[in-house]
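Participant: Chains as they are written, first to last, in my numbering: chain F, 57 to 216; chain Y, 75 to 393. Yeah, the Cβ is synthetic: ideal placement off N, Cα and C, and Gly gets one too.
1. Can you tell me the Cβ-Cβ gap for residue 121 of chain F and residue 65 of chain F, rounded? I've got them flagged as a contact below 8 Å.
2. In terms of residue numbering, what span does the beta strand (DSSP E) encompassing residue 105 of chain Y cover?
3. What's the call for residue 99 of chain F, buried or exposed, on a 16-neighbour Cβ count within 10 Å?
4. Under DSSP, the alpha helix (DSSP H) around residue 280 of chain Y begins and ends at which residues?
5. Find out if the Cβ-Cβ distance for the pair residue 120 of chain Y, residue 79 of chain Y is shorter than 8 Å.
6. Could you please give the first and the last residue of the uninterrupted alpha helix (DSSP H) stretch that includes residue 354 of chain Y?
7. Quick one, which of Y/163, Y/148, Y/89 and Y/263 has its alpha-carbon nearest residue 130 of chain Y's?
8. Got a sec: is the Cβ-Cβ distance from residue 192 of chain Y to anything in chain F below 8 Å?
9. To the nearest angstrom, how far is it from the Cα of residue 87 of chain F to the Cα of residue 173 of chain F?
10. How about residue 173 of chain Y: is its C-beta nearer than 8 Å to some C-beta of chain F?
11. Any beta-carbon of chain Y closer than 8 Å to the one on residue 173 of chain F?
12. Taking the continuous alpha helix (DSSP H) assigned at residue 238 of chain Y, which residues delimit it?
13. Given a threshold of 16 other Cβ atoms within 10 Å of its Cβ, counted over all protein chains shown, does residue 295 of chain Y qualify as buried or as exposed?
14. Taking residue 148 of chain F and residue 118 of chain F to be in contact with their CB atoms under 8 Å, please state how far apart those CB atoms are, rounded to whole angstroms.
15. Helix, strand or coil: which one does DSSP assign to residue 249 of chain Y?
16. Determine the closest residue to residue 81 of chain F out of F/198, F/68, F/201 and F/191, with distance taken between C-alpha atoms.
17. Alpha carbon to alpha carbon, what distance is there between residue 192 of chain Y and residue 333 of chain Y?
18. Would you call the region 152-169 of chain F and the region 150-168 of chain Y in contact, with 3 or more CB pairs under 8 Å?
19. Identify whether residue 299 of chain Y lies in helix, strand or coil by the three-state DSSP scheme.
20. Quick one, which of Y/181, Y/307 and Y/358 has its alpha-carbon nearest residue 245 of chain Y's?
21. Check each candidate in Y/253, Y/227 and Y/265 and name the one with the smallest Cα separation from residue 356 of chain Y.
22. Please confirm whether residue 223 of chain Y has its beta-carbon closer than 8 Å to some beta-carbon of chain F.
23. Does residue 210 of chain Y come out as helix, strand or coil in the three-state DSSP assignment?
24. Let's see if you can read the secondary structure: which residues bound the beta strand (DSSP E) around residue 120 of chain F?
25. Beta carbon of residue 365 of chain Y, beta carbon of residue 385 of chain Y: below 8 Å?
26. Taking the beta strand (DSSP E) that residue 328 of chain Y belongs to, which residues open and close that run?
27. Would you mind giving the Cβ-Cβ distance between residue 127 of chain Y and residue 104 of chain Y, rounded to the nearest angstrom? I have them listed as a contact below 8 Å.
28. Assign residue 166 of chain F to one of three DSSP states: helix, strand, or coil.
29. Could you tell me which chain F residues have their CB closer than 9 Å to the CB of residue 177 of chain Y, listed as they occur along the chain?
30. Would you tell me roughly how many angstroms separate the C-alpha atoms of residue 196 of chain Y and residue 179 of chain F, rounded to the nearest one?
31. Among F/136, F/126 and F/198, which one has its Cα closest to the Cα of residue 174 of chain Y?
32. Could you round the C-beta distance between residue 140 of chain F and residue 103 of chain F to whole angstroms and report it? I think they count as a contact, below 8 Å.
33. So what does DSSP say about residue 207 of chain F, is it helix, strand or coil?
34. Classify residue 159 of chain F as helix, strand or coil using the three-state DSSP reduction.
35. With a threshold of 16 other CB atoms inside 10 Å of the CB of residue 210 of chain Y, please say whether the residue is buried or exposed.
36. Residue 214 of chain Y versus chain F: which residues are under 7 Å apart at the beta carbon?
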């Protein structure tokens, strides 16, 4: 399995509206071909650490970017962030917290847990699109990720 | 009597309650002198009585007042404890409220703004010019609503944020903020007069918010002037330094001065000058947290001057 068939962006977002707007902004820059949308923290944990449902594509390489909302049903974003950053197999995956919250304590807590970036979703659609597109372009095209670490990931269903 | 004989000193002073003929009760303090005969028996007792009723009443009153005072103090302490708890609770509620505003209110506004824009981008043709105009109004208004929510959050955050005081180079800070504002208003020709400001002891990021708001207002309200003249200066006044930001712009009628620093209060329509009416309320809150004062002078169509004071660096270091 090569990177091309793997997942590049994982979007963890419970709001369908925000997800659609995010996808639209990314699509304008052809960044949605290898994108997975997970609707809550539980799905995110299953995707990274458990047996993912068949409906989800599996991945061999670590994604280049996780876009993580904080306020999520069942398991919240902090918990997902904590799990991702405390596991050897996932800790190098860039996690960008993308949330409505501007609370200082959320920003502080996110960085404490190891977030790579913290972006407040702008209310204005133009600004929102620009932010998401910039994020996608930077992390997926510009940023050099850590070497492909397929071995450590539990749910690499294909080749080990 | 035998006791008096053996220890007369113990009976020298005594106080008792007596009744006058008219029934009035009085307190008498007695001084007694015993005279013994040759056999050592009491022969005479010489007693001098002083009416101490008034003194005794006064003493009783003092005791009563003291007791009352103690009770009040205890009550007061209880009240302070309760009020503090109430305040802490109110603060926590406010915090929870602004937290949920930031989370829950921003999301639907973003959705409305986003979907309206998509409609405009993808279906402009089939909507026709009037349909497009209506949608543009929705987009503009949701943008404004988003700004309102953000400003309100900034305002509530400012009240809770802890202050970090340091020595600030006010000249440098004003120049920095002015450059930012000039870059945001490239079409405007502004004559900028900066008088020496010296240094201040305050929270740098908060004072930066103050200057940004005041200078951005100066730019905004002098938009129609050629040239716009903006002046920043300092007046030393004893224990405080008074700073001012002056412009030659639209100004306002002084009869509305009471509204100037209120939240959501505006003295201009959105058509004349855009804004949410939070800026100066925020500025006032910051200045008050620093122990300073804020006020303004203006004349309609001739410009406005906003003054704010900060306790001066020296005076503050003494306390």
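Facilitator: Considering the structure as presented:
1. 5 Å
2. 99-110
3. buried
4. From DSSP, the alpha helix (DSSP H) with residue 280 of chain Y extends over 278-295.
5. no
6. For residue 354 of chain Y, the enclosing alpha helix (DSSP H) begins and ends at 353-363.
7. Y/89
8. yes
9. Spanning the alpha carbons of residue 87 of chain F and residue 173 of chain F requires a straight line of approximately 19 Å.
10. Output row for residue 173 of chain Y: interface = yes.
11. no
12. It is not in any alpha helix (DSSP H) - residue 238 of chain Y carries neither H nor E in the DSSP assignment.
13. buried
14. Confirmed, Cβ separation roughly 7 Å.
15. helix
16. F/191
17. 39 Å
18. no
19. The answer is coil: DSSP assigns residue 299 of chain Y none of H, G, I, E or B.
20. Y/307
21. Y/227
22. Under the 8 Å criterion on CB atoms, residue 223 of chain Y is classed as interfacial with respect to chain F.
23. helix
24. From DSSP, residue 120 of chain F is part of no beta strand (DSSP E); its letter is neither H nor E.
25. yes
26. In the DSSP assignment, residue 328 of chain Y falls outside any beta strand (DSSP E), carrying neither H nor E.
27. Their Cβ separation, rounded to whole angstroms, is 14 Å, which puts residue 127 of chain Y and residue 104 of chain Y out of contact at 8 Å.
28. helix
29. 126, 127, 155, 156, 157 and 159
30. 20 Å
31. F/126
32. With 8 Å as the limit, residue 140 of chain F and residue 103 of chain F do not qualify as a contact, their Cβ atoms being about 11 Å apart.
33. For residue 207 of chain F, the predicted model reports a pLDDT of 41, less than 50, meaning its position is unreliable and no value from the coordinates is stated.
34. Of the three classes helix, strand and coil, the one that applies to residue 159 of chain F here is coil, per DSSP.
35. With fewer than 16 neighbouring CB atoms inside 10 Å of its own CB, residue 210 of chain Y falls in the exposed class.
36. What residue 214 of chain Y touches in chain F: nothing, since even the nearest Cβ is about 10 Å away.
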